[in-house]
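Q:
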Amino acid sequence: MAHYQRAGSIPPKRHTQHRDPGGNLYYEELMGEEGFSSDSSLLYHRHVPSAVVGARTWQLPDQATTANQPLLPRHLKLHDLFLGEEWKSCDAVRDRRLVLGNADVRINYVVCGTASPLYRNATGDECVYVEAGAGTVETVFGDLDVATGDYVIIPRATTHRWVPTGHEPLRLYAIEANSHIAPPKRYLSRYGQFLEHSPYCERDLRLPTAPRQVDEENVEIYLKHRGDGPAGLAGSVHVTPHHPFDVVGWDGCLYPYAFNIADFEPITGRIHQPPPVHQVFEGNNFVICNFVPRKVDYHPLAVPVPYYHSNVDSDEVMFYVGGDYEARKGSGINVGSISLHPGGYPHGPQPSAIEASLGAERFDETAVMVDTFRPLGLGEAGSISDDGKYAWTWAGRGPAS
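Residue numbers (the UniProt record's numbering): 1 to 401.
1) Where DSSP assigns a beta bridge to Thr240, which residues make up the other side?
2) Using 8 Å as the threshold, is the C-beta distance between Phe286 and Phe373 below it?
3) Using only the alpha-carbon positions, how far apart do Trp87 and Arg96 sit?
4) What first and last residue would you give for the beta strand (DSSP E) that runs through Ser352?
5) Report back the beta-carbon spacing between Ala134 and Leu170 to the nearest angstrom; my notes put them in contact at under 8 Å.
6) Taking all protein chains shown into account, decide if Asp91 is buried (16 or more other Cβ within 10 angstroms of its Cβ) or exposed.
7) Look at the alpha carbon of Ile354 and the alpha carbon of Pro346, and state the distance between them as a whole number of angstroms.
8) Return yes when the Cβ of Ala182 is within less than 8 Å of the Cβ of Asp104, no when it is not.
9) Just curious, the beta strand (DSSP E) that Ser41 is in, first and last residue?
10) By Cβ distance, which residues of its chain are closer than 7 Å to Thr209, with the 5 residues on each side in sequence left out?
11) List the endpoints of the continuous beta strand (DSSP E) containing Ile107.
12) Near Cys201, which residues of its chain fall below 8 Å by C-beta distance, leaving aside the five closest residues on each side in sequence?
13) Just how far apart, CA to CA, sit Gly348 and Gly166?
14) Rounded to a whole number of angstroms, what is the C-alpha to C-alpha distance between Thr136 and Leu43?
15) Between which two residues does the beta strand (DSSP E) containing Ser339 stretch?
16) With contact counted as at least three CB pairs below 8 Å, one residue from each stretch, are the segment 378-386 and the segment 292-300 in contact?
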């Protein structure tokens with residue numbers, strides 16, 4: 001994020017001596033993007049942040065994808081992936097399952113009930129949407145308490161872990177980038193402040209609590225990093241002599257934060273507004289939008305559901321997380337569903353939904369959309385959760401023999 005924050009104990013001037021009450025020097029770490037040319041923060045550690053006393057390979061969850069061939073729209077039923085009480089022994093890091101992916105972004109799903117190990121994604125930022133449940137994201141910057149409807153933005157290489165709270169499963173929709181994730185540039189001034197036309201602003205962002213120190217030795221950190229495995233990824237586990245949560249203070253413009261979807265102010269008009277008005281974040285070659293409960297088109301002849309449209313440059317992934325989906329009635333899609341509409345395929349509402357929507361004043365629906373500008377392949381979880389019949393719902397009958 002572009003606006004400056006500070007927490008804990010820091011020296012008056014950067015890159016100068018900072019000592020504890022006993023006279024021992026704290027270790028300054030610059031965590032920055034784009035090779036010292038973009039946002040950064042300075043963190044002050046009690047111990048050397050580079051120290052490692054052991055390492056081994058981490059076999060990542062299946063990262064392979066298969067092409068969407070023949071090219072078809074698909075309905076993926078994510079709530080079929082973690083059945084029974086399997087979730088109680090799952091964690092948010094090692095038990096993620098790949099739904100869709102390409103060279104720019106990977107969409108994962110996990111339902112978990114146990115604390116994850118410490119984790120660091122060294123390939124890009126993560127935007128994790130909390131579909132349901134509650135938990136704490138413990139980070140080297142401090143903690144974030146999160147719950148249903150929260151987006152959690154975690155900068156690349158931030159050491160953190162997920163700790164579910166309560167007795168209900170924590171359902172997470174994890175969007176992993178191979179780039180950074182930020183608010184759309186058109187929402188920001190040239191200096192990084194949210195502009196007046198932005199549908200959210202700095203007041204809506206929740207920042208970590210003050211950093212805390214954990215005294216523990218020989219601590220494991222799981223790393224996802226670049227390598228020669230599927231999707232160019234590999235995994236490692238580093239053992240550090242001291243717990244990485246030893247930061248006494250930090251300041252800068254790079255840090256994790258949370259934003260709740262209910263704080264997004266929808267932009268509406270007399271006639272149907274295109275998806276860019278619903279955009280919330282962007283990464284390299286993809287955007288993230290959200291659809292929230294809102295007043296709909298108020299022209300007397302308006303057609304509130306979307307018009308048919310061809311995604312000539314992008315694949316569209318819609319994750320339905322709450323409410324009633326007017327445009328999808330009759331398709332089988334419901335809460336927990338993903339619709340994948342690939343580039344080159346014209347799509348739109350189910351035919352019966354068009355007439356049924358006329359005269360509607362409000363839509364009660366919540367969804368998270370990812371549009372990618374390279375084709376998406378089906379991951380293990382995407383292939384296994386495909387209902388196999390969504391493509392034929394517009395025609396009202398099965399495939400021709």
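Glycine included, each C-beta is placed from N, C-alpha and C at the ideal position.
As the structure is a computational prediction, the values presented were derived from the model and not from experiment.
A: Here's the rundown:
1) The partner list for Thr240 (beta bridge, DSSP) reads Val219.
2) In this structure, Phe373 lies closer than 8 Å to Phe286 by Cβ.
3) C-alpha separation (whole angstroms): 11 Å.
4) Going by DSSP, Ser352 is part of no beta strand (DSSP E) but of the alpha helix (DSSP H) stretching over 351-357.
5) So it is a contact: roughly 7 Å between Cβ atoms.
6) Answer is buried; the Cβ neighbour count reaches 16.
7) One C-alpha to the other measures close to 16 Å.
8) Contact flag unset, no.
9) That run of the beta strand (DSSP E) goes 40-45.
10) Apart from the 5 residues on each side of it in sequence, Thr209 sits with its Cβ closer than 7 Å to the Cβ of Gly142, Asp143 in its chain, given in chain order.
11) Going by DSSP, Ile107 is part of the beta strand (DSSP E) stretching over 105-112.
12) Beyond the five residues adjoining it in sequence on each side, Cys201 comes within less than 8 Å, by CB distance, of Phe194 in the same chain, given in chain order.
13) Rounded to the nearest angstrom, the two C-alpha atoms are 39 Å apart.
14) Thr136 and Leu43: Cα-Cα distance of roughly 21 Å.
15) Counting along the chain, the beta strand (DSSP E) containing Ser339 begins and ends at 337-341.
16) Segments in contact, no.
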